[in-house]
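Protein chains in written order, with this note's numbering: chain A, 1 to 367; chain B, 368 to 671; chain C, 672 to 1030.
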Amino acid sequence: MDQDLEVDRVSKRYNAHLAVDALSFAVPHGSFFSILGPSGCGKTTLLRLIAGFLEPDSGDVRIGGHSMRGVSPNRRPVNMVFQNLALFPMMSVGENVGYGLARRDIASTEIRNRVAAMLKRVGLPGAEGKRVDQLSGGQKQRVAIARSLVLEPTLLLLDEPLGALDLKLREHMKIELKQLQADFGTTFVYITHDQSEALVLSDRVAVMSAGRFEQIGTPQELYYAPHTAFVAGFVGANNRLSGTVQRVDGDIIELHTAQGLALHARCTEHVVAGNEVEAFVRPEVVGLARDAAGLATGTPYYTGRIESLLFDGANSTVLVREQPTNTEFRIALPQTGQFADLRESEMIVFGFDPERAISFRGGNDGR
Amino acid sequence: MADRLRSRTTATLAGDLVAPHMRLALFLLLAPALLWLLGLIVLPHVDLAVLSLRTRVAPRTYELGFGNYRTFIDEPLYWHTFVRTAVMSIFATVCTLLIAFPAAWYIAKIARGRAKSLLFVMCLIPFWVSETVRTLGWMILLRESGVLPRLLVELGITAKPVELLYHDTTILVGLVYTSMLFMVVPLVSALESLDDSLIEAAYDLGGNGLSILRQIVIPHAAPGIAAGSIIVFMLTLGNYLTPTLLGGKNSLWFTEQIYTQFITRFNWEQGAAFGFLLLVLSTAIVWLGLVVTGQKFGDVMRRS
Amino acid sequence: MNPFRVLCSVLATVLAAIGLTTTALAQENKLRIITWADYAPAEVVAQFKKETGIDVEVTLSNNEEMISKLRATGGAGFDLAQPSQDRIVGPQQEFGIYKPMDMSKIKTEQFIPSMLDATKKNTTLDGKVYGLPHIWGTDGLVINTKTAGKVGDYPDLCAADYKGKTSVRLKRPTLLALAFSSGKDPFALYNDPKAYTALMDDMGKKLAACKANLKFFWDNKDQLLNGMRNGEVVAAMMWDTGGWKLNSENPDVQFIAPKSGALGWIDTFALPAKGRNDAAAYAWINFNMRPEIAAKVAASAGNFTASKGADQLMDPKLKAQFAKSFPEAALKNIKWYPAVPAGIEDIEGKVLDRVKASN
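Below, the structure is given as structure tokens:
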């Protein structure tokens, strides 16, 4: 059996609210699977269904090929890293890591050995005697993971464990988490609302909204080929433009926004003139120049006034107001430093390849 | 809970009143409390200590010495009474804890909103009437011609009305009833501060109800348990009315002994010695309890 | 206003208020009496106020509490106390809580002479008289003749027939009653502490053995009266008034003088050592011993009085009850309490403690 986790048409309802709506997916052995979604989308409920803190109203969760129906959390081959880590403050680091082993009636010398080995593997050798409050945020994180992994679970569930850390540590821990997962080869199921965490860490990501998965795919697929407007809007930064289809030419459509801006974009769905659509243009897709000659030939271009400069090193962007419709565009600055001298209120031209702008029929992303 | 509130107000007070005349005002504001402490707690105890060291040798002649304390040791009656009182108090404390813990758990972890405050109020209801009335109420319920024995007869459980008053069990019931709130409040505040995810984490890691209770919940709530137990033990040990009214002919409570010495024997010296012994021995028992359970007094009092 | 000012003014007001009330109290012409329930009925208090202009403030108490309260203050706080005659000399020796009576201020002709002499004799210390007789009565047995008709003496309370249905007080009279009923005279041993201790130890054992038979040790009279009314208790050692009160409600219940003799007590007038208004106290005593007043008080208390001539004014029903309870022989057999020497109560106290602790 290759799939460590199979979720089969699982539903969970709270009164009138359908938190998880007939979800099905599978996570293969050894992979890092993320569930990405805004708060309230049902991802925590889903995780708790897998961990066993909740029973599904219908459907089945199979772990390592075995149905988990009626199996309590303490008997599932699944462990969870909690959002606030939930380390036991009344126990030392060693006791925390050894807690699960002790529950399995393993001899204390054996527990000591395994705890020591595990702490060594997570880079905290000899930390057994420390109190939990003596650890830094990153160390606590590692203890929480060690506490679960020492039990050699089939599946490790992580509930936004990086949420409480500051930005710098979070970046660091992302890498560390990825390395730990590769090192142990345990299947990770990770839930987060932070698309960057999901994209960086995961082999595959499921984007969740209102109890359903909008799309499951590799980070690259989600980024470059979103299936729905929700995914396009949620994963990565995007310029979102709503308008009415004017003309359809193969898979390229022409749409006009309410402000009167005309633009071209690719559309994978069947649309006809008059349909409402939403187009998404990524900031890095848009080319920027001081005049039309500086842009790639054959693509439409627009003139705009620079509203503000958002300098952020490699992630620098500018906000531009297209003239005359005043439509706002966010455009990535090339990293060459070519536009380092741009000033606010300056007039520039910009354009993009319609093939790299993507559009969906409007009004169905649930926002 | 009240403690936290109080420390906050004093902190802001101290922070605001920095000017010297303000400090004087602060001192004056505290003066009533200090006077009260000195005048009504420290001084009487000093007086009591001195009194307890006087032994009557003849009418109006007294000798300094430990004679009154020796009486306590030499006369088995007295220390038997003390041991009996202490053992029953400990037992009452344990019973209160066992009954209060699930209730506190329910209030802290399961009940929400209105139900929660309602339950708290229910714990408080017994205190709306005075202790005397409460105890007399128990007497009306339990006496041979009272409500409960009659009910037992009518239900066919007993053939004749049985006397439910005047047993040690009756005392225990009364003491537990009176003490419940003082156990529930510190327990609720201790349990409320317990993060639910700790319990879930332990469950997730393979723990079962019992091991979670033993290794997670009880260690976390230990200061609250200790605080509640100390309060209940002290209240029970020092209770006079409930044991004397509900206890009947066989019950001898140590406070009753002190009362007897002071009021019916006119032997204030002996009464003072007993009072001091009660203070010292109960402190020793509490200290021993804290040592055995590995708690620190300061922690315990902060947490309650 | 700053808090300092506020505090100062509050303190000043409080101090002034305390000062005012104390002076006011001192100036008032008031008599503070510590006494038994029903010994100072409102009607009598009102009449006294009308005649003399003196306000009477009554505090209800019992022997032990009177002594304790007076001891706590060294004899201050009250202008007149009413302890039993046997409880004056001992505490006086021990704590000095009373002052001698000035017999010249007492209208002695109002007292029954034999009772006055006996009380004077019992309350004299170093040649000074400390107590005057007021109300007297007896301790005996209250029985329900229907259910406990065979009870005739104290030991019958311990008979298996009445298991769990009798009661006594855990106080000295019970030990003394048991002693008399076993043919001993405890009063004769008052001045022989050793023999007295031995006797009391024996009586303690007797009482401890009897304990299983008792429903409870009664502590306040309503507890016992209620117990007898609803049949939980069928026979008990109690004072006469309680028995007569029950008899009025239910003729089956009677007060009887035990075969070994009822115990007779006399409650007195005594002056606390630091009383502030002796004149009022003497006025109250003389007023109270007038036959018509004494008869009112006696009716209120349900007992008889040491006032000469009050007899004729007594409630005939009470007289009939008394006559029934005390035939000639029983009247002669009343054991009057002699003064309790200091130290005696300590001996009894330990015995009583042991009885209570025994199982």
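We put the CB at the ideal spot given by N, CA and C, even for glycine.
- Secondary structure at residue 871 (chain C): helix, using DSSP grouped into helix, strand and coil.
- Nearest neighbour of residue 579 (chain B) by Cα position, chosen from B:590, B:591, B:562 and B:534, turns out to be B:562.
- Here the region 70 to 87 of chain A lies against the region 143 to 161 of chain A, with 3 or more beta-carbon pairs under 8 Å apart.
- One alpha carbon belongs to residue 599 (chain B), the other to residue 549 (chain B), and they sit about 6 Å apart.
- Listed along chain B, the residues sitting closer than 8 Å to residue 104 (chain A) by beta-carbon distance are 573.
- Comparing C-alpha distances from residue 554 (chain B) to each of B:574, B:541 and B:584 shows the shortest one belongs to B:584.
- Bridge partners of residue 936 (chain C) according to DSSP: C:808.
- Closest in alpha carbon position to residue 45 (chain A), among A:260, A:180 and A:19, is A:19.
- The Cβ of residue 521 (chain B) sits no closer than 8 Å to any Cβ of chain C.
- Between residue 834 (chain C) and residue 935 (chain C), the C-beta spacing is not below 8 Å.
- Leaving aside the five residues that flank residue 944 (chain C) on each side, the residues in its chain whose CB is nearer than 7 Å to its CB run, in chain order, 745, 746, 767, 768, 769 and 770.
- Across the structure, residue 344 (chain A) and residue 295 (chain A) are spaced so that their CA atoms are roughly 20 Å apart.
- Around the beta carbon of residue 523 (chain B), a 10 Å sphere encloses fewer than 16 other beta carbons of the protein chains shown; the residue is thus reported as exposed.
- Across the region 554 to 569 of chain B, CB contacts with chain A closer than 8 Å involve 562, 564, 565, 567, 568 and 569, in sequence order along the chain.
- Against residue 533 (chain B), the close residues of chain C are 886 and 887, in the order they occur along the chain (beta-carbon pairs closer than 9 Å).
- Contact of residue 74 (chain A) with chain B by beta-carbon distance below 8 Å involves 570, 571, 572, 573, 574 and 575.
- The DSSP-derived three-state label of residue 753 (chain C) is coil.
- In this chain, the alpha helix (DSSP H) harbouring residue 547 (chain B) covers 535 to 559.
- Secondary-structure assignment with DSSP links residue 421 (chain B) through a beta bridge to B:431.
- Chain order gives no chain C residues near residue 487 (chain B), where near means a beta carbon separation below 8 Å; the closest approach is about 34 Å.
- Contact residues of the region 426 to 441 of chain B toward chain C are 426 and 427 (C-beta to C-beta distance below 9 Å).
- Three or more pairs of CB atoms, one per stretch, sit closer than 8 Å, so the region 750 to 766 of chain C contacts the region 801 to 809 of chain C.
- In this structure, residue 150 (chain A) sits away from residue 127 (chain A), with a CB-CB distance that is not shorter than 8 Å.
- Residue 590 (chain B) does not reach chain A, its nearest Cβ partner there being about 11 Å away, counting only Cβ pairs nearer than 9 Å.
- Cβ-Cβ distances below 8 Å link residue 515 (chain B) to 508, 509 and 531 in the same chain, with the five nearest sequence neighbours on each side left out; the list follows chain order.
- Check the Cα spacing between residue 313 (chain A) and each of A:335, A:307 and A:254: the tightest is with A:335.
- Using a 10 angstroms sphere on the CB of residue 609 (chain B), the tally of other CB atoms reaches 16 or more, which defines it as buried.
- Three or more beta-carbon pairs drawn from the region 898 to 917 of chain C and the region 807 to 819 of chain C are found closer than 8 Å, and the two stretches are therefore classed as touching.
- By alpha-carbon distance to residue 224 (chain A), the top candidate from A:266, A:255, A:241 and A:250 is A:266.
- Just measuring C-alpha positions, the residue of B:568, B:632, B:417 and B:446 sitting nearest residue 85 (chain A) is B:568.
- At least 8 Å separates the CB of residue 810 (chain C) from every CB of chain B.
- At least one CB of chain A lies nearer than 8 Å to the CB of residue 583 (chain B).
- Residue state for residue 777 (chain C) is assigned as coil, using DSSP reduced to three classes.
- In summary, the residues of the region 63 to 91 of chain A whose CB is separated from some CB of chain B by less than 7 Å are 73, 74, 79, 80, 82, 84, 86, 88 and 90, in the order they occur in the chain.
- For the C-beta of residue 151 (chain A), the chain B residues within less than 8 Å are, from N- to C-terminus, 572 and 573.
- Bridge pairing for residue 302 (chain A): A:350 [DSSP].
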